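Worksheet for the structure shown next.
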Amino acid sequence: MSAVEVLQVDVLNNPGFFGDPFRFEITYEVREALQQDIEWKVIYVGCAKDESLDQVLDEVLLPADTVGRFQFTLEVVAPNPDKIPIDDLLGITAVLITCSYRDQEFIRIGYYLNNEYEEAEMNENPPSPPILESIRRHIFAEEPRVTHFLHSFDSNDSYLDENSSHSMVNSYSNLLDTVEETQHSKLKHSDMQSSRMNMF
Amino acid sequence: MGRALHPDWLAHRVRQGQPHIFSIDIQNVQDNPRIATCGCDGIVRIWFLQSLAIAEQNGVDKEKETGVSLPNIEETNSEEHPSDKNNITSIPQNALAASLSYHSRSVNMVRWSPQGQFLASAGDDFLVFIYHKEEGKGYSPFGSKEPTPLENWRGRKLSGHSNDVLGVAWSPCGELLASCSVDNTIIVWNVRSDTIVTRLQGHESFVKGLSFDPTGRFLASHGEDLAVLIWKTSDWRVEKEIREIFKESRTVEYQKSLFYRLDWSPCGRELVCSNCLAVHHDKRAHAAVLFRRECNFDKPEYFKTSAPVFCVRYSQRMYKSKKDEQVTIGNEAYTAIAMGTASGTLVVWVSKSSKALLVLKNACEGPIFDLGWSPDGYSLIASSANGPPLYFHFAEEELGYVLTAKEEKEVFDEVRSKLGANYENVPLTQSTVQLEMEDLYAKRIQEGHFQTHQVLSSQDHVVEKDKMSGAYQPSLQQEQHEYSVGKKRRILPKCLSTSNPQDNFVARNSNVTFEVNHHTEPIGTNLNGHMNDYKNIVAVDTTSDTHASLKSEQFQSRQHGNSSWIKEQTREEDSTTDDVNFFVQRFRKKLESYTPTLAEAWLFDSQGTLDSHYKLPPFPMEWSKHRSINEEAKISLRFVNNDLYCYSNDTILWEAALGKNVQTIALAGETSTLYTAITSDNVLHLFSIYGSRLYAPMFLNARPHMLEVLKGYLFVILVNGEMSLYRLPQVHLVLRASVLPILPEQVFEKMGQPVIYPPLVSKQEDICLTLYNGNSYLFQRNLGNWISIADDSFIHSEFFHISFSNQGEYESIPQRNILTWFRKMVGKVAAPKISNMKPSKVLLETLAHLETMMASASILNSKEEFRKLMLCYIDKLCSTQATELPSRIEKLKQVLDDILQGRDGFFSRNLDSIEITTFMLHVVLPIVSKNRQLQNIAEEYVEKIKSM
Chain A
1 MSAVEVLQVD
11 VLNNPGFFGD
21 PFRFEITYEV
31 REALQQDIEW
41 KVIYVGCAKD
51 ESLDQVLDEV
61 LLPADTVGRF
71 QFTLEVVAPN
81 PDKIPIDDLL
91 GITAVLITCS
101 YRDQEFIRIG
111 YYLNNEYEEA
121 EMNENPPSPP
131 ILESIRRHIF
141 AEEPRVTHFL
151 HSFDSNDSYL
161 DENSSHSMVN
171 SYSNLLDTVE
181 ETQHSKLKHS
191 DMQSSRMNMF
Chain B
1 MGRALHPDWL
11 AHRVRQGQPH
21 IFSIDIQNVQ
31 DNPRIATCGC
41 DGIVRIWFLQ
51 SLAIAEQNGV
61 DKEKETGVSL
71 PNIEETNSEE
81 HPSDKNNITS
91 IPQNALAASL
101 SYHSRSVNMV
111 RWSPQGQFLA
121 SAGDDFLVFI
131 YHKEEGKGYS
141 PFGSKEPTPL
151 ENWRGRKLSG
161 HSNDVLGVAW
171 SPCGELLASC
181 SVDNTIIVWN
191 VRSDTIVTRL
201 QGHESFVKGL
211 SFDPTGRFLA
221 SHGEDLAVLI
231 WKTSDWRVEK
241 EIREIFKESR
251 TVEYQKSLFY
261 RLDWSPCGRE
271 LVCSNCLAVH
281 HDKRAHAAVL
291 FRRECNFDKP
301 EYFKTSAPVF
311 CVRYSQRMYK
321 SKKDEQVTIG
331 NEAYTAIAMG
341 TASGTLVVWV
351 SKSSKALLVL
361 KNACEGPIFD
371 LGWSPDGYSL
381 IASSANGPPL
391 YFHFAEEELG
401 YVLTAKEEKE
411 VFDEVRSKLG
421 ANYENVPLTQ
431 STVQLEMEDL
441 YAKRIQEGHF
451 QTHQVLSSQD
461 HVVEKDKMSG
471 AYQPSLQQEQ
481 HEYSVGKKRR
491 ILPKCLSTSN
501 PQDNFVARNS
511 NVTFEVNHHT
521 EPIGTNLNGH
531 MNDYKNIVAV
541 DTTSDTHASL
551 KSEQFQSRQH
561 GNSSWIKEQT
571 REEDSTTDDV
581 NFFVQRFRKK
591 LESYTPTLAE
601 AWLFDSQGTL
611 DSHYKLPPFP
621 MEWSKHRSIN
631 EEAKISLRFV
641 NNDLYCYSND
651 TILWEAALGK
661 NVQTIALAGE
671 TSTLYTAITS
681 DNVLHLFSIY
691 GSRLYAPMFL
701 NARPHMLEVL
711 KGYLFVILVN
721 GEMSLYRLPQ
731 VHLVLRASVL
741 PILPEQVFEK
751 MGQPVIYPPL
761 VSKQEDICLT
771 LYNGNSYLFQ
781 RNLGNWISIA
791 DDSFIHSEFF
801 HISFSNQGEY
811 ESIPQRNILT
821 WFRKMVGKVA
831 APKISNMKPS
841 KVLLETLAHL
851 ETMMASASIL
861 NSKEEFRKLM
871 LCYIDKLCST
881 QATELPSRIE
891 KLKQVLDDIL
901 QGRDGFFSRN
911 LDSIEITTFM
921 LHVVLPIVSK
931 NRQLQNIAEE
941 YVEKIKSM
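Protein sequence lines, in the order shown, are assigned to chains A and B. Just so we're aligned: the first sequence equals residues 1 to 200 in full-length UniProt numbering. Just so we're aligned: the second sequence equals residues 1 to 948 in full-length UniProt numbering.
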């Protein structure tokens, strides 16, 4: 079993502006006390086709040495726009929250998000350089994509040694593939809603 | 007209969207039973059975009713099921009780414990979990988009198998759980201690099904090696091996099942196994096979079916054909059994008939994997690999009339006495006294207040005000706090709830002692960056206002059930200004002449060695020069340039000189009593709140480990373990003792971490210390020794789950360990207001633990608690099995004699101010009367009381 289980993630200050910090209220349950801290990471996908452009917005440590339910608000700064290709600044991308123990990830929560100007015209003919203060960010908070990775934590649960044929890990790569497709289809806002429906 | 329903929302899904339920079971409770289901998705779901009945009535599942008129039509094709399976959100409101994602792979079987309070599940992750309900909010697995469950069920892990676990079975007493696995073994667990009782090795292949017989003598298991083994629970040897009958099953190719579920009839007379091939005159037929216990499981009888049988399940009830007549010849009691086959056919037989009562073809779309009967005996539920489960409700006249509890018991007794089971026959009552007592007992239980309050004098409650001062409770984080570790931030999250004791037990086993930083209020402002847990603790404790707020927080979080406690609490807080008077008045008790104790003798004899080898960590550096005394009034002590200053905000209130060339190494104080400092030459200085010297400087034996002023007491522990307690304001030595005897070995490796929490001082001026490991000790001056008053040796005691009632609502308080429970009583509220004095069903309690608890309560002079425990103890003594009875009768008599004879016994001295005869006649003896085997004793004591 997973020693730490995420019960709930609430996306706060959403929608917001591009430069606003991300705020997630995370409720988790420690089911087995762990010897070391668990580490939460927030990753902003700068460009779906280039992993090297992912920005780690923050890494924080949390104790997991007491069995029980805990809640905290994870507030991290907005991504650095200079590191995002100008073509990828607008449109659909993703933000990932991951949690790892002993440097091994055991849960990954992905959210699609959409960056766009409030005025449709600006979206069609984006100004150059982009006016960051006017870009609105909308996280699709109702549609988290949760991926569990098997993790042995402190125990040596023997079922993990086996070549796991029916592991519950579903593919995270799908998420990014979809993002890529979406980004490159250059959809207008009106089409985006429907395309998003396809993605899920 | 039987009614069938296919609730397609009651489902477990795999990726293709197929409902896929491996196992299903209905909780054996009369009041709103729950259904448990599990499947490939690794999730165990709990539903309310009621919601099915409602769905059936509302016709929510339109057109899925199947009319089956009985008994003439034996085969009925149920209609096609709709195939819309993608909409899991269509779960009706209030149907889902819990959605539990503890397993990381498929879950193969779920079973409720016989009393219904626990649920066990077995999975492909080699694990078994046992779930119980807790207070609090339920969560669906995150990201699943399922509706929020109504209840909060928490699981604990049993780990021992080395491959997929295929099945679980509870023993009828609910204390043992057996699990069978692909590793060819069966493990029998003691669920009280979560330990392995035995590992049964006998099958040569996967073990695919198992079942305890209802009399508790046998465990039957069915393996892939096509053998049914019947194990004796007395010595775990194989009583009977059945192989021959199943031999033929191997010869036929058919879809293999993961499960061969078998079951015993409710009276324990018959065992029915699945997956058999009946051979008769070279004709073969799939069948379930029945073995009778009275024939030593030798003469098989077959229930032939059209497809292989995967599961069988008996209704737990027995039936009769004529409603208003006695069970006699002509109206015999009979059983009902349901079978599920590989082709999805459901067959129901009743034992009075040689024909099947019901054959429902295509009851489910795929093979039927499991069956469950409702406790009322009229509903049947079947789960399948494909398609929704089947819920089938029988009408009374179809299946028969369920026997009343009394009739059922008579039948069971008769059958079981024939089988020679060690089943107790309850003796008949011999006198009216017994009946009167039984009535009284029943009445009191029914009224819901088995209260001794009625016989307590009001004076007694005054005695109960057994407050301790300076109570300290480690707190759970109420708010989020963060600081940085190197480059990274470290966040201390807000705690919503703590572990249950079982979890705690697990944590302890893995050598994870609870660390302090979660339980204490963080310091935040006065310490930047580098954080030392020790500081936390003492910071919380010494500033009385923080302390008060801490308390109220705890009251909010844990004790909102009982408003009277909070009132008391508020009163205590208000009184802080009058503390000095308060304590002078309150603790005017004459101090007995002080004699060195054993513990001290040890300290003084070996002081030289102690100093070098046994050193507690020194007083925290951070407080040696600057310490905040009262955060609200911003009062702090500071040592600057050889002088001690007392600041309020940044204003100097007073200053004092401490001597030449000395520095302070410890500071403490309380705004209502005094301030104190220890200097580097180990001299203790005491100042009034206005800065005048209260007492000549005192010379200490060693450097301080802890220095605290706690509501009228000054408390010092030195690094060599010497502990002194002074009563203020007189600065009178109350107690000096060594803490070394209670320190565990490892403590000396815990440098820099808190070892001892600030103490509690009782009304009798006994001191109670709590160590970092959760153990609590009281220094009893009458004994001159430390005594243990709280530890974790009885982790599975139900007193970990003690519930307190308030206005009819039960508030279960999550307990970290017994210590918090103890503190609640002693530190905060003196004694719990246990309004529900009904002796609880001491199922999980042991006599040894109750004895320990009574001893602690007695020493703490917590009388109401003692009485509650005593009643539980008597109840436990009386609810014994016949085999244990002789030894317990002596104990029981000892208790009763003690209560009756006077004032100085262990029991009677805790009952002062109670009217003994009333107490005996109205409270104690009715409890004794519940076991008729003890009726002689009840009578004997009634006579004794009358002659008094």
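No residue lacks a Cβ here, since even glycine has one placed at the ideal position from N, Cα and C. Quantities reported herein were computed from a predicted structural model and do not represent experimental measurements.
- The beta carbon of glutamate 75 of chain A sits closer than 6 Å to the beta carbons of Pro21, Arg23 from its chain, once the five residues preceding and following it are set aside; these are given in chain order.
- Threonine 852 of chain B carries a helical assignment under DSSP once its states are collapsed to helix, strand and coil.
- Listed in chain order, the non-local C-beta contacts of phenylalanine 907 of chain B below 7 Å within the same chain comprise Met870, Val895, Asp898, Ile899, local neighbours out to five positions each way being set aside.
- If you draw a straight line from the Cα of glutamate 408 of chain B to the Cα of serine 113 of chain B, it comes to about 20 Å.
- The beta strand (DSSP E) runs lying completely inside the stretch 80 to 160 of chain A and spanning 3 residues or more are 91 to 101, 104 to 117, 135 to 139, 145 to 148, given in chain order.
- Straight through space, the alpha carbons of isoleucine 767 of chain B and glycine 721 of chain B are spaced by roughly 15 Å.
- For the C-beta of isoleucine 635 of chain B, not a single chain A residue is nearer than 8 Å; the gap to the nearest is close to 32 Å.
- Inclusion of aspartate 225 of chain B and cysteine 311 of chain B in the CB contact set at 8 Å is not warranted, their separation being larger than that value.
- Straight-line measurement puts the Cα of tryptophan 170 of chain B at about 15 Å from the Cα of glycine 372 of chain B.
- Taken atom to atom, the span from the alpha-carbon of methionine 920 of chain B to that of leucine 850 of chain B is near 20 Å.
- By alpha-carbon distance to serine 384 of chain B, the top candidate from B:Leu419, B:Arg154, B:Leu258 is B:Leu258.
- Around glutamate 5 of chain A, the same chain offers Tyr28, Glu29, Arg31 as residues with beta carbons nearer than 7 Å, after the five sequence neighbours per side are excluded.
- Using a Cβ-Cβ cut-off of 8 Å, threonine 98 of chain A does not count as an interface residue toward chain B, since no Cβ of chain B sits closer than that to its own.
- Setting aside the 5 residues that flank it on each side, arginine 416 of chain B is surrounded in the same chain by Thr215, Cys267, Gly268, Tyr423, each with a C-beta closer than 8 Å to its C-beta; the list follows chain order.
- In this structure, serine 315 of chain B lies away from asparagine 331 of chain B, with their beta-carbon atoms at least 8 Å apart.
- CA-CA distance, isoleucine 742 of chain B to proline 617 of chain B, rounds to 16 Å.
- At a C-beta separation below 7 Å, glutamine 480 of chain B has these neighbours in chain A: Phe72, Thr73.
- Membership of proline 758 of chain B in the beta strand (DSSP E) is indicated by the continuous run 756 to 761.
- Closer than 8 Å to the CB of tyrosine 102 of chain B there is at least one CB belonging to chain A.
- By the C-beta density criterion, serine 90 of chain B is exposed, having fewer than 16 other C-beta atoms within 10 angstroms.
- Within the stretch 280 to 307 of chain B, no alpha helix (DSSP H) run of at least 4 residues lies entirely inside it.
- Under a 10 Å Cβ-count criterion, phenylalanine 699 of chain B is classified as exposed, with fewer than 16 other Cβ atoms of the shown protein chains found around its own Cβ.
- Counting only Cβ-Cβ distances below 9 Å, arginine 145 of chain A has contacts in chain B at Gly143, in chain order.
- Lysine 157 of chain B has its alpha-carbon roughly 28 Å from the corresponding atom of proline 389 of chain B.
- DSSP lists no beta-bridge partner residue for glutamate 414 of chain B.
- For leucine 113 of chain A, no CB of chain B lies under 8 Å from its own CB, so it is not counted at the interface with that chain.
- Our two residues, alanine 382 of chain B and alanine 4 of chain B, have alpha carbons roughly 11 Å apart in a direct line.
- Residues Glu270 of the same chain have their beta carbon placed closer than 6 Å to that of arginine 292 of chain B, with the five preceding and five following residues left out of the count.
- Within its own chain, the residues whose Cβ lies closer than 7 Å to the Cβ of serine 636 of chain B, once the five positions on either side in sequence are excluded, are His626, Arg627, Ser628, Ile629, Tyr647, listed in chain order.
- Of all residues in the stretch 122 to 133 of chain B, those with a C-beta nearer than 7 Å to a C-beta of chain A are Asp125, Phe126, Leu127, reading in chain order.
- Non-local beta-carbon contacts of glutamate 655 of chain B in its own chain, meaning distances under 6 Å to residues more than five positions away in sequence, involve Asp643, Tyr645 in chain order.
- Under the 8 Å criterion on CB atoms, cysteine 38 of chain B is classed as non-interfacial with respect to chain A.
- Of all residues in the stretch 57 to 69 of chain A, those with a C-beta nearer than 8 Å to a C-beta of chain B are Asp58, Glu59, Val60, Leu61, Leu62, Pro63, Asp65, Thr66, Val67, Gly68, Arg69, reading in chain order.
- Looking at B:Ser265, B:Lys352, B:Ile945, B:Gln117, the one whose alpha-carbon comes closest to that of tyrosine 131 of chain B is B:Gln117.
- Under the three-state reduction of DSSP output, asparagine 275 of chain B falls in the strand class.
- Partner residues in the beta bridge of lysine 320 of chain B, as assigned by DSSP, are B:Tyr401.
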